[in-house]
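Here's the structure we're looking at; comments come further down.
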Amino acid sequence: MTQGVHTATEVRKNWSDIIDIVQNRPIKVSRNNKNTFSLIPLYMWELLLADYSLELTIEEDEGGGYIASFEGIDLIAAEGTKEDTIEDLKEQLIEYAEEVIEDLHFYARDSERMKKFPHLLKVWLFPDNLFCLETYPLGH
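Going by this note's numbering, the sequence shown opens with residue 10, and the numbers climb by one from there.
This is the structure in structure tokens:
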């Protein structure tokens, strides 16, 4: 298969070959000569997004619970234990990343929000690799 834009029909007919090709390099696909998109292997996304991380702040409050947030993202969690607080914030972050990806055409108008898009894309692509209690900042 060539390196140009592949048709959707070509991809459908040669799916096994496409999977093999995408293991090593991205390919472009078009349906009816419009709506071109790319198939990109996840390891390339990992390389491209490796330097994007979110700084987690977690503090103990006066009542013995914890408050956690990320710099530059309007999410906050407050729970009784450090673990529960972090888990709640992780869930919020994944939901927020999914929302931004789903409604990107809307969020793209907000330049401040778009500055965090690579971070959110990383969360969306790799939600199981966020962080654990000993691993800060996010994604490292």
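Positions of the beta carbon are idealized from the N, C-alpha and C atoms, including for glycine.
- Within the DSSP bridge table, the entry for A77 names I67 and A86 as partners.
- Annotation for I95: no beta strand (DSSP E) segment contains it, though the alpha helix (DSSP H) segment containing it runs K91 to E111.
- Judged by beta-carbon spacing, A77 lies within the 8 Å limit of L65, meaning their Cβ atoms are closer than that value.
- Of the residues assessed, T94 falls on the buried side of the cut-off, its CB having 16 or more other CB atoms within 10 angstroms.
- When C-beta atoms of the segment 97-104 are compared with those of the segment 26-42, fewer than three pairs fall below 8 Å, so the two segments do not count as touching.
- Shortest Cα-Cα distance from Y105 to any of F126, K91, A87 and E121 involves F126.
- Listed as beta-bridge partners of V38 by DSSP are H15 and F46.
- Where P127 is concerned, the enclosing alpha helix (DSSP H) starts and stops at F126 to L134.
- In this structure I49 is exposed. Its beta-carbon is surrounded by fewer than 16 other beta-carbon atoms within 10 angstroms.
- The Cβ atoms of T45 and V20 lie no closer than 8 Å to each other.
- Contact check for Y61 against I67 fails: the beta carbons are separated by 8 Å or more.
- According to the DSSP assignment, D29 belongs to the alpha helix (DSSP H) that extends over W24 to V31.
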